[in-house]
Amino acid sequence: MEKMTGFWQRFVQFITFINLPIRKKFFLFEFGTFFWFVFIGTITVSSLSFIHYRYSQLTQSTLPYMKVVLCLSPELTSIENALSSTKEFDMTLFYLKGLLARTKNTLSETLVGNQKTTMSGNVFELFIQSLSKEDSQSVEALQMIFKEIGAMEESVLTAQKRKNSLSAEEIEQTKEVLNTHIQKTQELTQALSARINGLYQDYSQQVNNAIRLSINSVAWVIFVAIILLMLFTRWLREAFSRPIESMIQQIHSLGTGEVDLSKKLKIKSKDEIGTLSREFNKLVDTVYGVTVFKKVIEEDSSLEVVYTRLGEVFEKEAGIDEYRIFDVNAAKQTMNMVYPLSEEIACNEEILHNCTLCRAQKTGHKVSSFEYEGVCKEFLRDEGKKHVCIPLIVSGHAGAVVQFVFKASSAEEVNEKIFKAESYIKHSLSVIETKRLMNTLRESSLVDGLTGLYNRRFLQDHSNQIIASTLRRKKQISLLMCDMDYFKQVNDKYGHDVGDSVLKETSHILKKCVRESDIVIRFGGEEFLILLIDTDVGYGANVAEKIRQSVEEFSFKTTDGILKKTICIGISDFPHDTDGFWQAIKFADVALYKAKESGRNRCVQFTTELWDQKANF
Numbered sequence: 172m173e174k175m176t177g178f179w180q181r182f183v184q185f186i187t188f189i190n191l192p193i194r195k196k197f198f199l200f201e202f203g204t205f206f207w208f209v210f211i212g213t214i215t216v217s218s219l220s221f222i223h224y225r226y227s228q229l230t231q232s233t234l235p236y237m238k239v240v241l242c243l244s245p246e247l248t249s250i251e252n253a254l255s256s257t258k259e260f261d262m263t264l265f266y267l268k269g270l271l272a273r274t275k276n277t278l279s280e281t282l283v284g285n286q287k288t289t290m291s292g293n294v295f296e297l298f299i300q301s302l303s304k305e306d307s308q309s310v311e312a313l314q315m316i317f318k319e320i321g322a323m324e325e326s327v328l329t330a331q332k333r334k335n336s337l338s339a340e341e342i343e344q345t346k347e348v349l350n351t352h353i354q355k356t357q358e359l360t361q362a363l364s365a366r367i368n369g370l371y372q373d374y375s376q377q378v379n380n381a382i383r384l385s386i387n388s389v390a391w392v393i394f395v396a397i398i399l400l401m402l403f404t405r406w407l408r409e410a411f412s413r414p415i416e417s418m419i420q421q422i423h424s425l426g427t428g429e430v431d432l433s434k435k436l437k438i439k440s441k442d443e444i445g446t447l448s449r450e451f452n453k454l455v456d457t458v459y460g461v462t463v464f465k466k467v468i469e470e471d472s473s474l475e476v477v478y479t480r481l482g483e484v485f486e487k488e489a490g491i492d493e494y495r496i497f498d499v500n501a502a503k504q505t506m507n508m509v510y511p512l513s514e515e516i517a518c519n520e521e522i523l524h525n526c527t528l529c530r531a532q533k534t535g536h537k538v539s540s541f542e543y544e545g546v547c548k549e550f551l552r553d554e555g556k557k558h559v560c561i562p563l564i565v566s567g568h569a570g571a572v573v574q575f576v577f578k579a580s581s582a583e584e585v586n587e588k589i590f591k592a593e594s595y596i597k598h599s600l601s602v603i604e605t606k607r608l609m610n611t612l613r614e615s616s617l618v619d620g621l622t623g624l625y626n627r628r629f630l631q632d633h634s635n636q637i638i639a640s641t642l643r644r645k646k647q648i649s650l651l652m653c654d655m656d657y658f659k660q661v662n663d664k665y666g667h668d669v670g671d672s673v674l675k676e677t678s679h680i681l682k683k684c685v686r687e688s689d690i691v692i693r694f695g696g697e698e699f700l701i702l703l704i705d706t707d708v709g710y711g712a713n714v715a716e717k718i719r720q721s722v723e724e725f726s727f728k729t730t731d732g733i734l735k736k737t738i739c740i741g742i743s744d745f746p747h748d749t750d751g752f753w754q755a756i757k758f759a760d761v762a763l764y765k766a767k768e769s770g771r772n773r774c775v776q777f778t779t780e781l782w783d784q785k786a787n788f
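Residue numbers (our numbering): 172 to 788.
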């Protein structure tokens with residue numbers, strides 16, 4: 172059943188030219204219109220030719236014979252009357268001779284067009300040639316009539332030659348012979364008349380039938396042509412107007428924002444209208460996808476999630492398999508590949524430390540090796556691979572860079588993919604800018620304004636993430652609680668400006684003494700907390716001693732001269748000392764107080780004994 176349905180669909184598409192290009196549609200429409208005009212003209216000409224043929228038969232095969240019959244009948248009557256008259260026989264013969272000559276001349280004039288002829292052997296030939304050669308019976312009948320007339324004429328001539336020697340009996344015999352010929356001629360004339368009347372009626376009926384058939388044929392052909400013209404005109408109008416009107420409505424709705432983007436144009440033809448409809452549906456899909464995508468990322472919690480979703484649409488919607496998303500830190504002039512984290516960088520790693528080396532980030536323009544081979548020197552050109560880098564301009568500068576890498580592909584295919592990817596990028600820019608601003612605000616609330624170190628709130632927000640990561644790696648964190656010795660005296664003696672300067676310099680010393688992966692936090696006032704990530708037992712004490720010595724040896728410059736300071740440090744290890752992270756901080760704080768109690772300028776490692784003695788200090 173499905174095969175039959177498919178066959179009929181293909182058949183209808185074939186006879187309606189639904190899949191032909193528009194130019195060919197109109198060409199075939201013009202050809203069809205021309206065909207029907209030619210067809211109607213052909214039928215009309217054929218009908219007129221047939222009518223003319225039948226009319227020619229009517230005029231050539233019947234009218235000459237009818238003229239002969241009409242002319243011959245009164246002449247035969249005159250001959251019969253003359254023969255039966257009481258006049259002298261020689262006068263009768265003379266009169267009969269004149270009548271027969273007149274009969275032949277009349278017939279000759281009737282048949283050959285009023286041309287005077289003499290009584291000769293050519294008269295019969297003229298009669299025969301003037302008649303239709305197709306009707307042999309009529310010609311034969313006419314020949315017999317002429318033969319009888321000739322016989323009568325011969326009898327009259329013979330009698331005239333012997334008119335003085337004819338006896339009464341011979342005269343009667345001559346009259347009987349003439350009467351016999353007259354009678355036979357009349358019979359032949361009547362038979363010819365009946366035949367000609369029959370032929371006339373038959374040919375007239377044929378002419379009438381031909382006229383009626385021609386009129387009906389032309390009328391039916393015109394009717395069918397008009398119906399087909401109306402159907403095809405309506406089909407062409409619907410084939411063009413319906414999808415175009417639908418597209419106009421969708422475009423108008425797109426402009427007003429009231430469109431239902433889930434609805435598509437259902438045009439299955441393979442002509443330009445079908446292609447336009449399919450491309451329009453693709454555009455609607457893109458607009459719909461971009462609209463939904465923007466709504467989703469607006470509700471995402473972080474910039475990292477937005478980058479992840481952006482990467483997912485590159486794969487699913489744009490069909491791009493290899494890509495990289497870099498986040499740019501304008502303040503530090505660095506780049507960081509944020510998605511996908513498992514991919515290796517396709518450029519020189521120097522761009523991560525100096526983002527100005529990235530051509531797209533520096534210029535703020537799209538960079539494509541499809542347009543110019545080797546346009547970016549930092550791209551590691553694998554054999555047969557090309558790249559397109561698109562900067563994400565936020566707040567007037569490139570806040571991120573998206574790099575697409577393609578194997579050997581046609582420029583048209585790549586441009587189509589890039590166009591779709593750029594649609595998502597453009598609609599995500601406002602969201603990315605907002606998320607970056609929120610990150611900046613959040614980071615500013617997590618960073619100490621004086622020292623530039625993270626504050627206690629940062630620890631509260633990110634402690635769970637730090638703990639989970641450490642436990643997952645089965646490592647430990649060494650916590651160093653640091654406190655400046657006699658810092659209040661600095662503020663009292665030198666003022667708060669000097670105190671702030673001492674805190675800044677101390678923060679610099681702390682950062683220099685730890686690794687890049689370690690976290691330094693201003694815990695409050697002159698207290699600092701250092702998280703040493705992924706350490707072994709004893710590592711924290713070594714770093715603490717390094718910090719203590721660095722602070723002790725450092726000379727703090729003031730308006731009154733050089734100032735020397737010392738620091739106390741309490742050390743604990745998580746989860747070595749306790750399974751509770753905040754408990755480990757408390758243990759480090761207990762060790763710090765033990766260091767202060769022990770004379771300051773020293774480092775103390777937490778032990779369980781200190782916890783038991785905490786009530787003493």
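Every residue, glycine too, gets a C-beta built ideally from N, C-alpha and C.
Everything numeric in this text was worked out from a predicted model, so none of it was measured.
Is it right to say Asn285 is buried, meaning 16 or more other beta carbons lie within 10 angstroms of its own, or is it exposed? Its pLDDT being 38, under 50, Asn285 is placed unreliably by the model, and the measurement read from it follows with that caveat. Looking at its Cβ environment, which holds fewer than 16 other Cβ atoms inside 10 Å, Asn285 is exposed.
Where does Leu219 fall in DSSP's three states? helix
Backbone secondary structure at Gly696 - three-state DSSP: coil
With DSSP as the reference, identify every bridge partner of Lys735, one or two as the case may be. Ser726
Would you mind sorting His352 into buried or exposed? The rule is 16 or more other CB atoms within 10 Å of its CB. buried
On the criterion of 16 or more Cβ atoms from any shown chain inside 10 Å, does Ile386 qualify as buried, or is it exposed? exposed
I want to know whether the segment 762-777 touches the segment 708-722 - three or more CB-CB distances under 8 Å. yes
With distances taken from CA atoms, which of Leu528, Lys591, Arg628 is nearest Val461? Lys591
With DSSP as the reference, identify every bridge partner of Tyr494, one or two as the case may be. Phe575
Where does Leu650 fall in DSSP's three states? strand
Do Glu246 and Thr274 have their beta-carbon atoms positioned less than 7 Å apart in this structure? yes
My assumption, with CB atoms under 8 Å, is that Met323 sits in contact with Leu271. Please give the rounded CB distance. 6 Å
So the beta strand (DSSP E) Gln776 belongs to, where does it begin and stop? 774-776
Excluding the 5 residues preceding and the 5 following Val538 in the sequence, name in chain order all residues of the same chain whose CB lies nearer than 6 Å to its CB. Arg530, Ala531, Val546, Cys547, Cys560
Output yes or no for whether 7 Å exceeds the beta carbon distance between Cys518 and Glu549. yes
Output needed for Asp671: all residues of its chain with C-beta closer than 7 Å, excluding positions within five of it in sequence on either side, in chain order. Leu621
Assign Asp663 to one of three DSSP states: helix, strand, or coil. helix
Per DSSP, what kind of secondary structure is Asp783 in: helix, strand or coil? helix
Buried or exposed by the 16-neighbour rule on C-beta atoms within 10 Å, applied to Asn293: Since pLDDT at Asn293 reaches only 49, below the 50 mark, its modelled position is unreliable, and no value is offered.
Flag this pair as yes or no: are the beta carbons of Met652 and Ala755 separated by less than 7 Å? no
Is the segment 478-496 touching the segment 507-515, taking contact as three or more C-beta pairs under 8 Å? yes
Going by the DSSP bridge assignment, what does Ala715 pair with across the sheet? None; Ala715 has no bridge partner.
In chain order, what residues of the same chain have a beta carbon less than 7 Å from the beta carbon of Met290, not counting five sequence neighbours either side? Legend: pLDDT at Met290 = 40, less than 50; position of this residue unreliable, value from coordinates given subsequently. Only Ala272, Lys275 meet the Cβ criterion.
What residues match up with Tyr625 in a beta bridge as DSSP calls it? Val618, Ile692
Counting Cβ pairs closer than 8 Å, one from the segment 380-395 and one from the segment 405-419, do we hit at least three? no
Using a threshold of 7 Å, state whether the C-beta atoms of Ile704 and Val691 are closer than that. no
Own chain, CB closer than 7 Å to Thr779, minus 5 neighbours either side, in chain order: none
In angstroms, rounded to a whole number, what distance separates the CA positions of Val585 and Val573? 15 Å
Through-space distance from Thr233 to Leu349, alpha-carbon basis: 29 Å
Helix or strand or just coil, what does DSSP make of Leu229? helix
Cβ of Ile742 within 7 Å of Cβ of Ala766? no
Taking DSSP as the reference, what is the three-state secondary structure of Asn285? Unreliable placement is indicated for Asn285, whose pLDDT of 38 sits below 50; the coordinate value is still reported in the next sentence. Asn285 falls in the coil class under three-state DSSP.
Roughly how many angstroms lie between the CA atoms of Ser678 and Val618, to the nearest whole one? 13 Å
I need the boundaries of the alpha helix (DSSP H) containing Ile564, first residue and last residue. Segment 557-565 is the beta strand (DSSP E) holding Ile564; no alpha helix (DSSP H) there.
Within 10 Å of its beta-carbon, does Val240 have 16 or more other beta-carbons around it, so buried, or fewer, so exposed? buried
At least 3 beta-carbon pairs within less than 8 Å: the segment 635-642 vs the segment 732-740: no
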